[in-house]
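Asks:
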Amino acid sequence: MPELHPHDPPIVHDRAFNKDLVKNLVIFCRLLRQKGVLIGIQEELDSIRSLEMISVDDQDSFYLCLRTILAKSLREQEIFDKEFKSFWHIWVPASLREKAEKPEIEQKPKPTRKKKENFITIKDWLNASKQPDESKDVASYSDESSLLQKDFSLFYGMETDELENWIKLFGKSLVNRLGRRYIISSNKGKVDLRSSLRKNLRKNTEVINLYRKRRKPQKLKLVILTDVSKSMDLYSRFVLQFLYAFQKAFRKVNTFIFSNRLKYVSPLLDQMELNHALDQLTNNTEEWSGGTQIGKCFQEFLEHDQSKNLSKDSIVIVISDGWDTGNLVGLEDAMFQIQQKAKSVIWLNPLKGYHDYQPTCQGMLTALPYIDYFGSAHNLESMKELASEISSQL
Amino acid sequence: MKLDDLEKRLESQNYFAEPSIVMAIHLAEQLQRPLLIEGPAGVGKTEIAKVMAKSQDAELIRLQCYEGLDTNSALYEWNYQRQLLQIKLEERENKTIKDLEKTIFSHDYLLKRPLLQAISSSEKTILLIDELDRADEEFESFLLELLSDWQITIPEIGTIQANHIPFVVITGNRTRELSDAIRRRCFYLWIDYPEYEKEIQIINSKVEGIEQKLAMQICIFMEKLRQQKLRKTPGIAESLDWAKALVLLHQDHLDISVVQDTLGIILKDQSDIQKATQTIHELMESLGVRQKPLPKEFLEQQSSNA
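Protein chains in written order, with the numbering used here: chain V, 4 to 397; chain F, 6 to 311.
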């Protein structure tokens with residue numbers, strides 16, 4: 004952070020005190036624009052007009068005033084703070100200086116700062132924002148595309164937290180965009196002209212009773228069968244995070260984990276409980292050592308499906324790489340039954356992320372004919388595809 | 006200076022605002038822009054609109070957004086039933102269709118929802134659009150149009166223009182990213198959890214008869230608690246509830262048993278409560294609360310649970 008140094012030129016020559024304050028303000032706005040803050044002519048005009056509303060020689064007011072007008076989100080505020088310090092450095096109010104000196108709990112090391120911007124760009128992409136921001140695109144295009152393709156296993160440290168958060172947010176945002184079909188409703192919603200006319204014609208000659216329509220909540224059940232063998236553990240957690248966030252879209256969600264045996268984890272309510280439960284369960288090595296036996300576990304699932312998790316309105320998601328040391332016939336049989344009973348079967352295999360992947364392992368080959376959607380869920384791009392698939396089925 | 010006046014006005018309503026808040030409100034008022042307020046839950050975003058309304062003696066019109074909010078519920082709707090009845094009544098009288106239309110498409114048959122109320126009000130109002138991120142993008146673009154033109158065209162009546170442009174406050178919970186267009190239209194304010202000194206000031210003003218020691222301890226505790234990664238981090242609203250409850254219980258300081266018993270007031274999620282209970286000793290230590298040494302069996306039990 005540039006601080007006022009004894010060797011700095013005397014105040015009188017400083018830009019900040021240049022008589023043409025308006026000119027400097029415009030230059031500052033252009034600078035911010037270069038750094039990715041969306042500032043149009045209107046904002047520039049507003050900022051100039053606002054100078055009349057405050058006492059310009061008050062550092063705090065000057066800073067706060069410009070920030071309120073020019074920075075329109077938390078991220079833009081951060082950029083603004085940084086640029087303000089270097090541009091108007093004499094006029095940096097004490098509060099802003101203090102902020103930097105205080106040991107920030109949230110302070111991330113410099114290399115990840117850039118990554119943060121990338122995540123924000125991805126967030127826009129995930130939200131499919133309708134106004135493409137050209138300046139943002141130019142700055143981070145190459146980073147963005149590589150980040151979307153980046154395999155989950157390659158994230159580490161702070162990035163994992165960020166990734167988790169974005170996955171959750173994404174899941175939640177999808178919940179808001181569910182199907183827009185309508186059902187008859189008694190008193191809420193738009194008047195359904197068609198129903199009103201038809202129903203009234205039957206009984207009365209006039210249209211007396213009004214029928215309304217509102218959106219119908221589509222609720223299916225979700226059954227998740229997760230492979231928690233070592234190779235799958237990381238991917239499973241990320242996909243589960245996503246599905247947690249998405250859970251509001253489902254009436255009921257049940258999670259099972261399997262490796263060489265099947266275990267019912269919990270209804271998909273609490274993400275922290277899940278991580279904790281997963282840790283506890285998989286740490287018990289005696290139970291979990293030995294090769295994955297997909298067929299046996301699925302058979303167990305079918306046998307003990309007392310609560311009828313599997314039904315025509317449930318979606319089954321299997322997260323596994325298909326490496327199986329067990330009985331293939333059992334697996335085929337189980338897959339057949341699952342496909343028969345459920346609405347659809349989705350299988351997510353991170354290995355599919357490698358571009359020359361061919362399902363050669365026997366387990367995968369056996370299951371393939373009974374799968375409705377075969378996805379990879381190994382990076383953000385594939386998560387988006389998964390989301391579209393699920394949304395289309397809702 | 007008008008800024009100071011505003012600060013005093015807010016304080017007179019018991020709202021102690023950070024300088025950034027005062028500046029944002031001041032600019033939004035003066036330059037007649039909507040104010041977009043974002044921040045975590047329970048920090049006083051909605052309060053601002055209420056306080057502004059009271060201090061200016063203006064009407065507060067509130068539009069609570071939700072998923073599926075459409076123009077009918079937000080803007081206006083024709084009172085269909087009344088119109089139908091009127092048509093039936095007027096059957097006998099030989100009115101022309103044009104006259105009939107004039108009757109049933111008049112202001113009497115118009116159900117004014119919040120946005121239209123705000124536009125057609127004869128006095129200055131404060132329009133609070135709460136939790137805009139819960140509505141969808143379609144609604145946002147409709148709102149945008151409204152905020153630019155401040156007029157509505159009702160096909161049957163005509164164009165209604167606003168007599169007084171209301172002071173608009175939009176709040177967002179960040180469950181969804183609001184479109185850039187809305188952001189550009191508004192001035193932006195981010196309200197975070199209050200700093201220690203500010204929180205004490207707020208508690209002192211809103212909770213009568215609270216002991217200073219208790220107020221200080223509550224604020225230190227809350228500050229430490231918020232640093233933990235909780236699912237539902239408590240805001241200033243929870244601090245106030247807690248303070249009021251403790252005063253009712255005639256407490257003048259915090260001790261472990263009271264805190265444990267009243268955790269449900271500040272934490273609304275079971276896993277958060279569990280987490281807080283596990284770390285309660287560290288939290289209490291930061292308050293300088295000295296404890297008796299714990300019995301051996303209790304310590305053993307603690308270490309086996311961890």
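Cβ coordinates follow ideal geometry from the N, Cα and C atoms, glycine included.
Computed from a prediction, not measured in an experiment: that's the story for all the values here.
Assuming F/Val-27 and F/Leu-11 make a contact with CB atoms under 8 Å, what is their CB distance in whole Å?
Replies: Taking the first residue of the second sequence as 1, we reach residue 27 of chain F at position 22. Taking the first residue of the second sequence as 1, we reach residue 11 of chain F at position 6. About 6 Å; that satisfies the 8 Å criterion.
Asks: So that I know if they touch, is there some Cβ in chain V lying closer than 8 Å to that of F/Pro-24?
Replies: Within the second sequence, numbered from 1, the residue matching residue 24 of chain F stands at position 19. Chain V, which has a Cβ nearer than 8 Å to the Cβ of F/Pro-24, makes this yes.
Asks: Touching or not, the stretch 129-149 of chain F and the stretch 170-186 of chain F, by the rule of three or more beta carbon pairs under 8 Å?
Replies: yes
Asks: Determine the contact status of V/Arg-362 and V/Ala-380, defining contact as a CB-CB distance below 8 Å.
Replies: By one-based count along the first sequence, residue 362 of chain V stands at place 359. By one-based count along the first sequence, residue 380 of chain V stands at place 377. A small fix is needed here, since residue 362 of chain V is Pro in this sequence, not Arg. Between V/Pro-362 and V/Ala-380, the C-beta spacing is not below 8 Å.
Asks: Go ahead and label F/Tyr-201 buried or exposed: buried means 16 or more other beta carbons lie within 10 angstroms of its beta carbon, across all protein chains shown.
Replies: In the second sequence, counting from the first residue as 1, residue 201 of chain F sits at position 196. Per the 10 Å Cβ criterion, exposed.
Asks: Determine the direct distance from the alpha carbon of V/Tyr-360 to that of V/Leu-331, and round the result to whole angstroms.
Replies: Counting from 1 along the first sequence, the entry for residue 331 of chain V is found at position 328. Counting from 1 along the first sequence, the entry for residue 360 of chain V is found at position 357. For V/Leu-331 and V/Tyr-360, the distance between alpha carbons rounds to 21 Å.
Asks: Cβ closer than 7 Å: which chain F residues qualify as neighbours of V/Cys-68?
Replies: Here residue 68 of chain V refers to the residue found at position 65 of the first sequence. Per Cβ cutoff of 7 Å: Met-28 and Leu-32.
Asks: Would DSSP call F/Glu-82 helix, strand or coil?
Replies: Your numbering for residue 82 of chain F matches position 77 in the second sequence. DSSP places F/Glu-82 in strand when its eight states are reduced to three.
Asks: Per DSSP, what kind of secondary structure is F/Leu-41 in: helix, strand or coil?
Replies: By one-based count along the second sequence, residue 41 of chain F stands at place 36. Here F/Leu-41 sits in strand by DSSP.
Asks: Anything in chain V within Cβ reach of F/Gln-37, meaning under 9 Å, just list it in chain order.
Replies: In the second sequence, the residue the question calls residue 37 of chain F occupies position 32. What F/Gln-37 touches in chain V: nothing, since even the nearest Cβ is about 10 Å away.
Asks: Do F/Glu-161 and the ligand SAH come close, with the Cβ less than 7 Å from some heavy atom?
Replies: Absence of the ligand SAH is noted for the structure shown, with no ligands found whatsoever.
Asks: Is there a C-beta anywhere in chain F that falls below 8 Å from the one on V/Ser-262?
Replies: Taking the first sequence and counting its residues from 1, the one referred to as residue 262 of chain V is at position 259. Chain F contact via Cβ: absent.
Asks: Nearest to V/Lys-299 by CA position, among V/Phe-90, V/Ile-72, V/Thr-328 and V/Ser-314, is which residue?
Replies: Translated into positions along the first sequence, residue 299 of chain V becomes position 296. If we check each option's Cα against that of V/Lys-299, V/Thr-328 comes out closest.
Asks: Identify whether F/Gly-240 lies in helix, strand or coil by the three-state DSSP scheme.
Replies: As a position in the second sequence, residue 240 of chain F is number 235, starting the count at 1. Here F/Gly-240 sits in coil by DSSP.
Asks: Helix, strand or coil for F/Met-114 per DSSP?
Replies: Translated into the one-based positions of the second sequence, residue 114 of chain F becomes position 109. What sits at residue 114 of chain F in the sequence shown is Tyr, not Met. The answer is helix: DSSP assigns F/Tyr-114 an H, G or I state.
Asks: Against chain V, which members of the stretch 140-159 of chain F pass a CB distance test of less than 8 Å?
Replies: When CB distances to chain V are screened at a threshold of 8 Å, the residues of the stretch 140-159 of chain F falling below it are Asp-141 and Glu-142, in chain order.
Asks: For F/Ser-125 and F/Ile-165, which I take to be in contact (beta-carbon distance under 8 Å), what is that distance rounded to the nearest angstrom?
Replies: Your numbering for residue 125 of chain F matches position 120 in the second sequence. Your numbering for residue 165 of chain F matches position 160 in the second sequence. The beta-carbon distance between F/Ser-125 and F/Ile-165, rounded to whole angstroms, is 6 Å. This is short enough to meet the 8 Å contact definition.
Asks: Tell me the DSSP bridge mates of V/Gly-378?
Replies: To locate residue 378 of chain V, count along the first sequence from 1; it is residue 375. Bridge partners of V/Gly-378: V/Leu-351.
Asks: Does any CB atom of chain F fall closer than 8 Å to the CB of V/Ser-394?
Replies: Position 391 of the first sequence, counted from the first residue, corresponds to residue 394 of chain V. No, V/Ser-394 lies away from the interface with chain F (no Cβ there is under 8 Å from its Cβ).
Asks: Roughly how many angstroms lie between the CA atoms of F/Asp-266 and F/Ile-278, to the nearest whole one?
Replies: Locating residue 266 of chain F in the second sequence gives position 261, counting from the first residue. Locating residue 278 of chain F in the second sequence gives position 273, counting from the first residue. It is roughly 11 Å from the alpha-carbon of F/Asp-266 to the alpha-carbon of F/Ile-278.
Asks: When the cut-off is 8 Å and only beta carbons count, does V/Gln-62 lie next to chain F?
Replies: Reading the first sequence from its first residue, position 59 is the one you call residue 62 of chain V. In terms of beta-carbon proximity, V/Gln-62 stays away from the interface with chain F, with every pair separated by 8 Å or more.
Asks: Excluding sequence positions up to five away, which residues of its chain have a Cβ less than 6 Å from the Cβ of V/Phe-370?
Replies: Residue numbering aside, residue 370 of chain V sits at position 367 when the first sequence is read from its first letter. The sequence given here has Ala at residue 370 of chain V, not Phe. Same-chain partners within the cutoff: Met-338.
Asks: Beta carbons nearer than 8 Å to chain V: which residues of the stretch 159-191 of chain F have them?
Replies: Residues Thr-180, Arg-181, Glu-182, Ser-184, Asp-185, Ala-186, Arg-188, Arg-189 and Cys-191.
Asks: Roughly how many angstroms lie between the CA atoms of F/Ala-22 and F/Lys-117, to the nearest whole one?
Replies: Indexing the second sequence from 1 puts residue 22 of chain F at position 17. Indexing the second sequence from 1 puts residue 117 of chain F at position 112. Each residue's Cα considered, the two are about 34 Å apart.
Asks: Contact defined as beta carbons within less than 8 Å: I believe F/Leu-292 pairs with F/Gln-222. What is the distance between those atoms, to the nearest angstrom?
Replies: Your numbering for residue 292 of chain F matches position 287 in the second sequence. Your numbering for residue 222 of chain F matches position 217 in the second sequence. Contact holds; Cβ gap of about 5 Å.
Asks: In chain order, what residues of the stretch 35-56 of chain V put their CB closer than 8 Å to some CB of chain F?
Replies: Leu-41, Gly-43, Gln-45, Glu-46, Asp-49, Arg-52, Ser-53 and Met-56
Asks: Locate the alpha helix (DSSP H) running through V/Arg-36, then write down its first and last residues.
Replies: Residue numbering aside, residue 36 of chain V sits at position 33 when the first sequence is read from its first letter. Per DSSP, V/Arg-36 belongs to the alpha helix (DSSP H) from 24-37.
Asks: Could you check if F/Gln-275 is buried or exposed, using at least 16 other CB atoms within 10 Å of its CB as the buried criterion?
Replies: Looking up residue 275 of chain F in the second sequence gives position 270. Flag for F/Gln-275 reads exposed.
Asks: What residue range is occupied by the uninterrupted beta strand (DSSP E) comprising F/Leu-65?
Replies: Here residue 65 of chain F refers to the residue found at position 60 of the second sequence. It spans 64-69 - the beta strand (DSSP E) in which F/Leu-65 sits, taken as one unbroken run.
Asks: Is F/Phe-21 close to chain V, meaning its C-beta is less than 8 Å from at least one C-beta of that chain?
Replies: Within the second sequence, numbered from 1, the residue matching residue 21 of chain F stands at position 16. It does not; no Cβ of chain V falls within 8 Å.
Asks: Inspect the CB distances between the stretch 158-175 of chain F and the stretch 126-140 of chain F and report whether three or more fall short of 8 Å.
Replies: Yes, they touch.
Asks: Label F/Tyr-71 either buried or exposed according to how many other C-beta atoms from any shown protein chain fall within 10 Å of its C-beta, with 16 as the threshold for buried.
Replies: The count along the second sequence starts at 1 and reaches residue 71 of chain F at position 66. It is exposed - the Cβ of F/Tyr-71 has fewer than 16 other Cβ atoms within 10 Å.
Asks: Taking the continuous beta strand (DSSP E) assigned at F/Leu-133, which residues delimit it?
Replies: Here residue 133 of chain F corresponds to residue number 128 of the second sequence, with the count starting at 1. That run of the beta strand (DSSP E) goes 130-135.
Asks: Our contact map puts V/Thr-258 next to V/Ile-227 with C-beta atoms below 8 Å; I'd like the distance itself, whole angstroms only.
Replies: Translated into positions along the first sequence, residue 258 of chain V becomes position 255. Translated into positions along the first sequence, residue 227 of chain V becomes position 224. Right, the Cβ-Cβ distance comes to about 5 Å (below 8 Å), so this counts as a contact.
Asks: Between the C-alpha atoms of F/Arg-231 and V/Leu-24, what's the straight-line distance to the nearest angstrom?
Replies: Mapped onto the second sequence, residue 231 of chain F falls at position 226. Mapped onto the first sequence, residue 24 of chain V falls at position 21. Computed Cα separation, rounded: 41 Å.
Asks: Say whether chain F places a C-beta atom closer than 8 Å to the C-beta of V/Ser-385.
Replies: Indexing the first sequence from 1 puts residue 385 of chain V at position 382. No, V/Ser-385 does not count as interfacial toward chain F.
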